[in-house]
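Structure first, then comments.
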Amino acid sequence: MNPQPVSLEAMLQDTAELGGEVFQICDYPPLETFTDAELDRVRDAADELGLILELGTRGIGPRHLDQYLRMATRLGAPFVRSMIRPAASEPTLDEAPGLLARVVEAYADRGVVLGLETYEQLPTDVLVDLVRRVDHAALGIVLDPGNCVAALELPRDVVAATAPYVVNLHVKDFAFSRRGGWVGFTYAGAPLGEGLLDYDDMVRQVRPRERGINQVVEHWLPWTEDIATTCRLERQWTQHNLDYLRSRNS
1 MNPQPVSLEA MLQDTAELGG EVFQICDYPP LETFTDAELD RVRDAADELG LILELGTRGI
61 GPRHLDQYLR MATRLGAPFV RSMIRPAASE PTLDEAPGLL ARVVEAYADR GVVLGLETYE
121 QLPTDVLVDL VRRVDHAALG IVLDPGNCVA ALELPRDVVA ATAPYVVNLH VKDFAFSRRG
181 GWVGFTYAGA PLGEGLLDYD DMVRQVRPRE RGINQVVEHW LPWTEDIATT CRLERQWTQH
241 NLDYLRSRNS
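All residue numbers for the sequence shown refer to my numbering, where the first residue is 1 and numbers rise by one.
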């Protein structure tokens with residue numbers, strides 16, 4: 001853990017300095033404790049930096065998604081990412097379509113889109129079927145094909161299956177490397193263009209520029225020898241990946 005954690009405001013500043021245009025506050029539980037005044041300060045900071053805010057969480061419980069809709073509205077965020085968790089406290093897959101249909105009506109009324117991320121915990125065809133059954137413009141899929149490899153799904157197949165329903169992209173590259181002694185593999189992140197992600201094919205199928213879909217840089221950054229070196233490497237990867245995206249989308 002970083003002994004000097006970066007504040008949310010500093011993350012926004014770094015994003016602007018690196019030339020980013022969108023910042024997704026994703027899997028950041030402290031946000032749920034923010035007062036309206038604190039949320040307003042985050043929105044003001046993003047506005048001053050010219051950044052679009054998005055939110056990210058986990059779970060599809062109606063109360064939880066209602067909370068994130070309220071925060072998204074306060075922050076001026078037009079998008080919320082979530083994911084279906086296989087937990088006893090969560091709605092079942094049988095309950096999910098009806099619950100989501102009611103939730104996304106409220107999201108649509110406030111101009112917010114909800115996206116469910118591809119993950120190894122849920123087969124891609126099940127996720128696609130759920131989105132099809134709800135059949136609402138305010139519900140779609142957050143595509144991250146690297147997540148599904150752990151379920152033995154090929155990234156290219158995941159892209160093809162989800163492309164018509166994608167509303168947000170998590171862009172990260174990934175690669176396998178042999179473990180010490182050549183026993184097994186490590187599956188970890190890689191700088192964009194240096195791993196197994198066929199980025200050009202993904203963009204060809206999803207057409208993010210034509211459809212107004214934001215591309216959010218994400219890392220599976222391997223740990224190095226210490227926190228300072230790891231943080232420097234993270235910034236290098238972020239700059240590299242942003243430059244890569246600009247070179248492919250200009």
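For every residue, glycine included, the Cβ atom is placed at its ideal position computed from N, Cα and C.
Note that the structure is a prediction, hence the values are computed from the model and not measured.
Can you give me the start and stop residues for the beta strand (DSSP E) that residue i sits inside?
{"i": "E54", "result": "I52 to G56"}
{"i": "Q215", "result": "Q215 to V217"}
{"i": "Y187", "result": "F185 to A190"}
{"i": "L127", "result": "Counting along the chain, L127 falls outside any beta strand (DSSP E), though it belongs to the alpha helix (DSSP H) covering T124 to V134."}
{"i": "G212", "result": "Element bounds for G212: n/a, residue is neither H nor E."}
{"i": "V171", "result": "V166 to V171"}
{"i": "R81", "result": "F79 to S82"}
{"i": "V203", "result": "Looking at the DSSP string, V203 is not in any beta strand (DSSP E); the run it does join, the alpha helix (DSSP H), is Y199 to V206."}
Can you list, in chain order, the residues of its chain whose CB lies under 7 Å from that of residue i, leaving out five sequence neighbours each side?
{"i": "L293", "result": "The structure shown has nothing for residue 293, since the chain only spans 1 to 250."}
{"i": "L31", "result": "I25 and M71"}
{"i": "G146", "result": "P155, K172, F174 and L197"}
{"i": "P91", "result": "I60, G61 and L99"}
{"i": "D125", "result": "A161"}
{"i": "Y187", "result": "V149, F174 and F176"}
Do residue i and residue j have their C-beta atoms within less than 8 Å of each other?
{"i": "V112", "j": "L143", "result": "no"}
{"i": "L114", "j": "I141", "result": "no"}
{"i": "G76", "j": "R110", "result": "no"}
{"i": "N233", "j": "L242", "result": "Contrary to the premise, residue 233 reads as Leu rather than Asn in this sequence. No. Outside cutoff."}
{"i": "L39", "j": "R63", "result": "no"}
{"i": "Q121", "j": "P97", "result": "no"}
{"i": "A108", "j": "A150", "result": "no"}
{"i": "A16", "j": "G50", "result": "yes"}
{"i": "D27", "j": "R58", "result": "yes"}
Secondary structure at residue i, three-state DSSP: helix, strand or coil?
{"i": "V22", "result": "strand"}
{"i": "R179", "result": "coil"}
{"i": "N241", "result": "helix"}
{"i": "S89", "result": "coil"}
{"i": "G115", "result": "strand"}
{"i": "G61", "result": "coil"}
{"i": "G76", "result": "coil"}
{"i": "L12", "result": "helix"}
Sorted by chain position, which residues of the same chain lie with C-beta nearer than 8 Å to residue i's C-beta, five sequence neighbours on each side aside?
{"i": "Q205", "result": "V159, A160 and A163"}
{"i": "V6", "result": "D14"}
Exposed or buried, what is residue i when buried is set at 16 or more other beta-carbons lying within 10 Å of its beta-carbon?
{"i": "T238", "result": "buried"}
{"i": "P208", "result": "buried"}
{"i": "S82", "result": "buried"}
{"i": "G212", "result": "exposed"}
{"i": "G261", "result": "Within the shown structure, residues of the chain are numbered from 1 to 250, placing residue 261 beyond reach of any answer."}
{"i": "I84", "result": "buried"}
Counting only the same chain and skipping the five closest in sequence on each side, list residues whose C-beta sits under 6 Å from that of residue i.
{"i": "E218", "result": "H170 and K172"}
What are the start and end residues of the alpha helix (DSSP H) that includes residue i?
{"i": "L49", "result": "D36 to L49"}
{"i": "G98", "result": "A96 to D109"}
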